[in-house]
Amino acid sequence: MSKVIDSHNGADSVGRREWGKGVFFGTLTVVLLIGIAVLFGRYWLEGIYQRTFEKTPMQGTVHVFQFDYYYEPRHLTWRVGDHVTLAIRNMSSTHWHEMVIGQGFDTVPTTFGPIPTQFKRDFWDGVPVTISDATHIDNLVLNHAKATFVGPKPNMATGGDFSPTIQPGGSINLTFTVPNKPGNWDYGCFVQQYMHYMAGMNGTITILPAK
Amino acid sequence: MSSVVSDMQGARSAHMKVKRMLPPVVRGLLWALIGFLIVNTLVSEVFDRMPYHPYVTRPSVTLGWVAAVIGWLLGVGAWEGFMKPYFGGTADWVVPNDWRKYFMYSIDHKVIGMQYIFSSLGGFLIAGFAAMLMRLELMKDHMWIFNNPGAYLSTVGIHGTVMMFSVGTVALIGGFGNYIVPLMIGANSTAYPRMSGISQWLVPAGIATVVLSPILGQWTTGWRGYEPLAGQDPAGIVFYYLGVFALTTSSLMVSINLTATILFKRAPGLTWNRIPMYAWGMLTVSLLNLIWLPEIQMTFLMGLLSAIIPLPYFSQLGSPLTYMEMFWLFGHPEVYIIVVPAFALWQELLPVMGQKSLFARQWGIIGLVFVMILSGLVWAHHMFTNMRNSQMLPFSFFTEMISIPTGFSFLVAIGTMWKSNLRLNTPTLFILMSLFNFLIGGVTGVLLADPVVNLQAHDTFFVIAHFHYTIIGGMVFSWFAAFYYWLPKFSGRMYNEFWGKIGAIWVFIGFNGVFFQLFLLGLKGMNRWVPVYPSYLQPMNFEISLFGFLLGLGFVFNFLHIAWMWHKGPVVGNNPWHSKTLEWQTSSPPANTNFDPIPQVIGSFYDYSDSKLAVATPYSDKKS
Ligand code: HEM
Ligand SMILES: [Cu+2]
Ligand SMILES: [Cu+2]
């Protein structure tokens, strides 16, 4: 039976094997740095990546998946005048999620300090939107959107920004023409007192001016 | 050093090619990456493809992780050292005799022991850093370091998990156990050296998995991975289950190996009633591991399946409290897994330091064994808030019963010190501190076992104080005693007594400064698992945190001292403590072959009534 050779009885070794310090410590350092970077800077790195590589405007049907607690994708690019169907689907098996789009925050004071409740500026203000394929919608707040419904109308609610709140496994399609509101927008989920948002459930939309 | 190899190869080495290879650890990382990419891609893009899903899904990351760990183990050396010979190939695995041997697969129990010591030290420092972050957060009554409670809770979970499964369960067993036990029982290797070589490399993999879990998402369950709570969490919990699975598998392999080693590899004449106390401790703790680790591994597997498939074991469709029962069925014995080696250390070190025979040795062993037996009968004391009054009584009773065999360990220690000329050096100091701290942990444990108190103190910082007193106070202090005590064995060099004592007193003050106040804080109403708390608790928390940082620095100071003395300390003889146990009857540090010839045991290791050695053919210096 052949055996593992520890150096002291190295006499029966088939061939000596050597390895260098440089590669060893170099690689370990690099791996350590990568580890720390992804651990603490995941969202930041994702942002850089997406700003660098995902600049092509998305047209037609754009899927947004909701997970616990993140969106896939986390960055969208539209151009003013594009025709878009935002297909939102909640992939969680346990959690209700929403997708609010806006800029700035409205906050309420609490013992724990001010907590954002919604965006200050609602992207959907005055925007004509066709709502279709709504299944398992907990409630839909229209705010100042000009909605048309195709198929059964989901459970409606009032108060706050435009937001569909989707039950686990639910989905909704929002079809609209990108309004003339160029700039950087945020989207996020404010469910459970902003906790989803803070835990990473947010993303950004770049709206490019019309060509 | 590695020139030894070429010398021995003599003439042959002249026409033998030196093969260049990637450093095994680097190769392991590479193979792990390749394994992950292949399997993850197959699962998420081919077998389990769902349109628009992210590239990494829960099932794909789980299977990808399995492939990565296999790749890591093979790359680190299990391929040449284990698999190839297993399939009948020749092993061309040469372990150079210098620092490199600690960073590759090896079958030498001393090297493996050292690797385990480094791994759990790494875990201790990482998890300790997490503790510092937590204490930093708790300095103020609102959130200021972490930006959401989930991040704080993930940190608590990582701290607890890494501490429990890579330090508490591993440091004294995988580390010192692997190194010392074969030496202590007069053997030249462990029973399953190849398996042992593999098991060590699961530890860094497991620690890395748990530490990197936030990449997948937060988890809020703490070190217990509670279902169905975990079912509400993002995917980070998947890496908790997987990481802990790797760590527990490693401990299980160590236990199998140590049990077999102690049972079958003892030197001639080393009868049952001569087995050294530390070996006894390792044997009992290994049996505990063999009983309880598979149980918890099954529980974690079920939790994992609930998270990735998902199966409804612990949801409303299943049985939500079952996980809790199953967890604590293991969870309580786990505390004894941590503390039994510490008991054994007290009984190992005190006779040597007092040069006096061990008092009531049989009772010491009976104590260890009964702690082991009773530990499985008490789990529900962690769940008093979930049960009927009639169910509390038996669990309260058995829990308080454990203080009896535990008391044996104290009595043996005290009886041994009684009227001995105890050398009050650093290891002794650490042992005394450990006895003191564990006493506080034990007494408050009896209190907590009382339902009336428990229902008040449940999930407050009183509990945190109690278990840190048992774990840090009992086990970590003994761990330091072991470091100082066996340093001359590892290195042939001695630490500095002055700085050693400073280090001991430093951590003792820091430790009691933190954790004694935690009792009071808990009684005042400070809940655990909260980064935000009522402002009247803030001044005390602030001060505790300062002590916390002092403690953290104290640990680092001790490690730096030990590391320094390892290389620069004054050289001492083979047996600086005049101990009779076998590990000191060979050279320090031991040569590659521990004993040549194998010694014959003829007396008791703990009989200091005369200066006769317990071995007939003590170590001869001819080999090194
Ligand atoms: C530097 C010294 C340490 C400090 C300052 C410290 C501090 C803490 C704090 C603040 C908590 C969180 C309490 C809570 O909110 O529930 C905690 C939890 C915990 N600690 Fe430590 N700790 C230290 C060392 C250790 C060690 C050495 C171990 C074990 C070997 C350990 C094991 C645990 C465990 C198991 C938990 C429970 C975690 C959970 O609930 O998941 N700690 N510690
Ligand atoms: Cu949400
Ligand atoms: Cu318990």
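Protein sequences, first through last, are from chains A and B.
Using our numbering, read the first sequence as starting at 1359 and increasing by one per residue.
Using our numbering, read the second sequence as starting at 6 and increasing by one per residue.
Backbone N, C-alpha and C define an ideal beta-carbon position, used for all residues, glycine too.
- Distances from the CB of B/HIS473 to the heavy atoms of ligand 1 include at least one below 7 Å.
- Per DSSP, the beta-bridge partners of A/TYR1428 are A/PHE1425.
- The C-beta of A/LEU1403 comes no closer than 8 Å to any C-beta of chain B.
- Contact with chain A is absent for B/VAL535, since none of that chain's Cβ atoms lies less than 8 Å from the residue's Cβ.
- Chain-ordered, the chain A residues with CB closer than 7 Å to the CB of B/LEU217 read GLY1393, LEU1397.
- Of the other Cβ atoms in all chains shown, fewer than 16 fall within 10 Å of the Cβ of B/TYR91; this residue is therefore exposed.
- Contact annotation: A/TRP1454 and A/ILE1530 have beta-carbon atoms that are not nearer than 8 Å.
- Between A/PHE1423 and B/TYR57 a beta carbon distance of about 6 Å is seen, short of the 8 Å cut, so the two are scored as contacting.
- Residues of chain B whose Cβ lies closer than 8 Å to the Cβ of A/ASP1483 do not exist; the shortest such Cβ separation is about 29 Å.
- The shortest C-alpha to C-alpha distance from B/ASN102 to any of B/ASN391, B/SER111, B/THR95 is the one to B/SER111.
- A/PHE1425 and A/MET1449 have their C-alpha atoms roughly 5 Å apart.
- Residue burial is scored here from C-beta neighbours: B/GLN367 has fewer than 16 other C-beta atoms within 10 angstroms and is therefore classed as exposed.
- Only residues of its own chain outside the window of five on either side were considered, and among them GLY1460, ASN1501, ASP1519, PHE1520 have a CB closer than 6 Å to the CB of A/ASP1480, listed in chain order.
- Per DSSP, reduced to three states, the secondary structure at A/ALA1492 is strand.
- Residues close to ligand 1 by the beta carbon criterion (under 6 Å to any non-hydrogen atom) are, from first to last along the chain, B/GLY133, B/ALA136, B/MET139, B/ARG140, B/VAL161, B/GLY162, B/HIS164, B/GLY165, B/MET168, B/MET169, B/VAL172, B/GLY173, B/GLY227, B/TRP228, B/ILE469, B/HIS473, B/ILE476, B/ILE477, B/VAL481, B/VAL519, B/ARG533, B/TRP534, B/GLY553, B/LEU556, B/GLY557.
- Rounded to whole angstroms, the separation of the alpha carbons of B/GLY447 and B/VAL376 is 13 Å.
- In the DSSP secondary-structure assignment, A/PRO1522 is bridged to A/LEU1498.
- Per DSSP, A/PHE1548 lies in no alpha helix (DSSP H) segment and is marked neither H nor E.
- Unbroken beta strand (DSSP E) stretches of 3 residues or longer found wholly inside the region 277-305 of chain B: none.
- Using a 10 angstroms sphere on the CB of A/ASN1542, the tally of other CB atoms stays under 16, which defines it as exposed.
- Taking a 10 Å sphere around the C-beta of A/LEU1390, we find fewer than 16 other C-beta atoms and assign the residue as exposed.
- Between B/LEU288 and B/THR264 the beta-carbon gap is near 6 Å, inside 8 Å, which marks them as a contact.
- Look at the beta carbons and you see the region 506-524 of chain B touching the region 435-449 of chain B: at least three pairs across the two are nearer than 8 Å.
- Relative to B/PHE610, the option among B/GLY479, B/GLY497, B/ILE280, B/GLY574 whose CA is nearest is B/ILE280.
- By the beta-carbon neighbour count (other beta carbons within 10 angstroms, threshold 16), B/ASP146 is buried.
- Here B/GLY497 is near B/SER593, since their CB atoms are less than 8 Å apart.
- Boundaries of the alpha helix (DSSP H) around B/HIS164: 154-167.
- The criterion of a C-beta distance shorter than 8 Å is not satisfied by B/ILE131 and B/GLU142.
- For B/VAL383, the distance from the CB to the nearest heavy atom of ligand 3 is below 7 Å.
- Between B/TRP228 and B/ASP238, the C-beta spacing is not below 8 Å.
- At least one CB atom of chain A sits nearer than 8 Å to the CB of B/MET26.
- In the pairwise beta carbon analysis, the region 503-511 of chain B is classified as not touching the region 451-466 of chain B: fewer than three pairs are separated by under 8 Å.
- Using a CB distance cut-off of 8 Å, B/GLN590 does not count as an interface residue toward chain A.
- Closer than 8 Å to the CB of B/TYR57 there is at least one CB belonging to chain A.
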